[in-house]
Amino acid sequence: MAHLQQNYRNDSLMLGFSDLKRLRSKRPLVLTAGRGIKVFDERGRDYIEAVSSFYCVALGYSDEELIEPAITQMRALPMYPSAIDRTVPAVMELAERLAALSPMPRTHVTFATTGSEANDHLIKFIWYANGFSGQPRRRKIISRWSSYHGSTVQLTGLGGGSDLHRSFAVPTDECLHVSHPNWPGGAQPGESEAAYGDRLAAELKAVIEEAGPDTVAALFAEPVSVSAGMYVPPAGYFAKMKAVLDSYGILLVVDEVVTGFGRTGQFWGTQTLDIKPDCMTSLKALSSTYQPISAIMMSGEFYDRLEHDSNEKGWFAHGGTYHAHPVAAAVALKTIEIYERRDIVGHVRAIMPAWQRGLAALNGHPLVAATRCFGLLGAVQLQQPGEGAAAASLQVGRLPAQVYQAGLDAGLIVRPLANCLVLSPPLIITKPEIEELFSRLTRALDRVLGSIPTLP
Ligand SMILES: Cc1ncc(COP(=O)(O)O)c(C=O)c1O
Numbered sequence: 001m002a003h004l005q006q007n008y009r010n011d012s013l014m015l016g017f018s019d020l021k022r023l024r025s026k027r028p029l030v031l032t033a034g035r036g037i038k039v040f041d042e043r044g045r046d047y048i049e050a051v052s053s054f055y056c057v058a059l060g061y062s063d064e065e066l067i068e069p070a071i072t073q074m075r076a077l078p079m080y081p082s083a084i085d086r087t088v089p090a091v092m093e094l095a096e097r098l099a100a101l102s103p104m105p106r107t108h109v110t111f112a113t114t115g116s117e118a119n120d121h122l123i124k125f126i127w128y129a130n131g132f133s134g135q136p137r138r139r140k141i142i143s144r145w146s147s148y149h150g151s152t153v154q155l156t157g158l159g160g161g162s163d164l165h166r167s168f169a170v171p172t173d174e175c176l177h178v179s180h181p182n183w184p185g186g187a188q189p190g191e192s193e194a195a196y197g198d199r200l201a202a203e204l205k206a207v208i209e210e211a212g213p214d215t216v217a218a219l220f221a222e223p224v225s226v227s228a229g230m231y232v233p234p235a236g237y238f239a240k241m242k243a244v245l246d247s248y249g250i251l252l253v254v255d256e257v258v259t260g261f262g263r264t265g266q267f268w269g270t271q272t273l274d275i276k277p278d279c280m281t282s283l284k285a286l287s288s289t290y291q292p293i294s295a296i297m298m299s300g301e302f303y304d305r306l307e308h309d310s311n312e313k314g315w316f317a318h319g320g321t322y323h324a325h326p327v328a329a330a331v332a333l334k335t336i337e338i339y340e341r342r343d344i345v346g347h348v349r350a351i352m353p354a355w356q357r358g359l360a361a362l363n364g365h366p367l368v369a370a371t372r373c374f375g376l377l378g379a380v381q382l383q384q385p386g387e388g389a390a391a392a393s394l395q396v397g398r399l400p401a402q403v404y405q406a407g408l409d410a411g412l413i414v415r416p417l418a419n420c421l422v423l424s425p426p427l428i429i430t431k432p433e434i435e436e437l438f439s440r441l442t443r444a445l446d447r448v449l450g451s452i453p454t455l456p
């Protein structure tokens, strides 16, 4: 390959979530093609994408059906912003389709480009509604530690991670944090699932009381927080949290950026976990990320407040050039049509047992402390050999990075996060492909195990 440099030196490109110094001398993995659940690097080597890139390419990397609507829309009208009383048919239809799919009553939808924008804009909308209803002090937003909701200044503060906050000196004064639910790992010895859920709800109440209930606007939460390491809440968690929020007039916003569109075995994670949100955000599988588009979905009750207020002002002072891009909307519409025609959610449910089996089979491996599984999501918690699941320490050192590298050598891309590997493959994955994925992962684990010197 002509563009494959022997003595690589990068003097211009900066990559996120990377070691910038190492990036100067170490050529990054350069991907040039994708087919189904696989991507191919510049040498032509294939990798099973066990994380669908960033938990997003739900329909795989080469769906020809998603290309056609983009071309058609580009030819008809490549760009027109949806604002100032103007829009395009694809955007109108997409809003209708999402409202019909929404679990919230009388859903209204508006669009942005990224998940960060969707969450960030929704915070603005909530402040707007609170300001107009005589509650301008109601600004604080709660999230769970270790969660991730986006990369803007506000959302970096909201996401719970000191690396994210401190290293960028991000202001967090309007962000509150509560514990991340993790059943059974987060429960105290002997604590029942119900008692654990009660304790988490009591913590939420205490945080609200301490902050001043009339200063708290909303709780942002993923149904299952993937970026936190894929931890599952105890049964009844969301009902208990919602009861606390309702008692203070605080909104529940469900971030369905990752969990929406079938990832958890139902269309929305909200449905799988029987959550009653006031607002939702959606992004990744919405267009299978072939085009950048995110959706902010609001219950009729919440939207009525915005409508009432904007009527007083004469306009709703918000918009953006790329919001609801017509090409992205056309691709998202086709994505929804494919979901229905090919019954993607039914397919996910059908392969979930094979997925669960594959994860469970890793449990005996000396480097595996535990595995977690939810829908078509998984996490493999690592341990030093001989450590024992009970220790399951955070002292795994470089293990996640080592397994990630060994995975690349075995033709597999996983996501190392803290002491875990997170898995979230394209939803179109088949049973034989699941078996191949876990066979490559086992090879990677074996290789790292073989490289660890045995104690005398
Ligand atoms: C749950 C969740 N919300 C929001 C975001 C932010 O989306 P984006 O990267 O498109 O800004 C992410 C990104 O991975 C996410 O996982």
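Residue numbering for the sequence shown follows my numbering, beginning at 1 and increasing consecutively.
Just so you know, even glycine gets a beta-carbon here, dropped at the ideal spot from N, CA and C.
ask   = Just to confirm, does residue 333 get its C-beta within under 8 Å of one of the non-hydrogen atoms of ligand 1?
value = no
query = Using DSSP with H/G/I as helix, E/B as strand and the rest coil, what is residue 348?
reply = Looking at residue 348 - three-state DSSP - the assignment turns out to be helix.
message = So, with DSSP's three-state summary, where would you put residue 234?
response = coil
ask   = Can we count residue 375 as close to ligand 1, meaning its CB is less than 8 Å from some heavy atom?
value = no
key: residue 47 to residue 272 span [Cα, whole Å]   = 31 Å
query = Beta carbon of residue 148: closer than 8 Å to some heavy atom of ligand 1?
reply = yes
inquiry  = For the alpha helix (DSSP H) containing residue 416, name the first residue and the last one.
reply    = Careful: residue 416 lies outside any alpha helix (DSSP H), inside the beta strand (DSSP E) at 415-417.
request  = Just grab the DSSP bridge partners of residue 282 for me.
outcome  = 295
request  = Report, in whole angstroms, the separation of the C-beta atoms of residue 328 and residue 287, which I expect to be a contact under 8 Å.
outcome  = With 8 Å as the limit, residue 328 and residue 287 qualify as a contact, their Cβ atoms being about 6 Å apart.
inquiry  = Looking at ligand 1, does it come within less than 8 Å of residue 163, judged from the CB to the closest heavy atom?
reply    = no
Cα-Cα separation, residue 425 to residue 133 = Roughly 44 Å separates the two Cα atoms.
Residue range of the alpha helix (DSSP H) that includes residue 457 = In the structure displayed, the chain extends from 1 to 456; residue 457 sits before or after that span and is not available.
inquiry  = Assuming residue 255 is part of the beta strand (DSSP E), what are its boundary residues?
reply    = 251-255
ask   = Skipping 5 residues on each side, what residues in its chain have a beta carbon closer than 6 Å to that of residue 229?
value = For residue 229, the CB contacts under 6 Å within the same chain, skipping 5 residues up- and downstream, are 379, 417, 418, 420 in chain order.
ask   = Buried or exposed: which applies to residue 400, given that a residue is buried once 16 or more other Cβ atoms fall within 10 Å of its Cβ?
value = buried
inquiry  = Given this structure, state the Cα-to-Cα distance separating residue 174 from residue 326, to the nearest angstrom.
reply    = 35 Å
ask   = When you compare only the Cα positions, how much space is there between residue 306 and residue 320?
value = Going by the C-alpha atoms only, they are around 18 Å apart.
task = Take the Cβ of residue 225 as the centre, count every other Cβ of all protein chains shown within 10 Å, and call the residue buried at 16 or more, exposed below.
result = buried
ask   = Excluding the five sequence neighbours on either side, which residues of its own chain have a C-beta within less than 6 Å of the C-beta of residue 8, listed in chain order?
value = 27
ask   = Going straight from the alpha carbon of residue 423 to that of residue 285, what length do you get?
value = 16 Å
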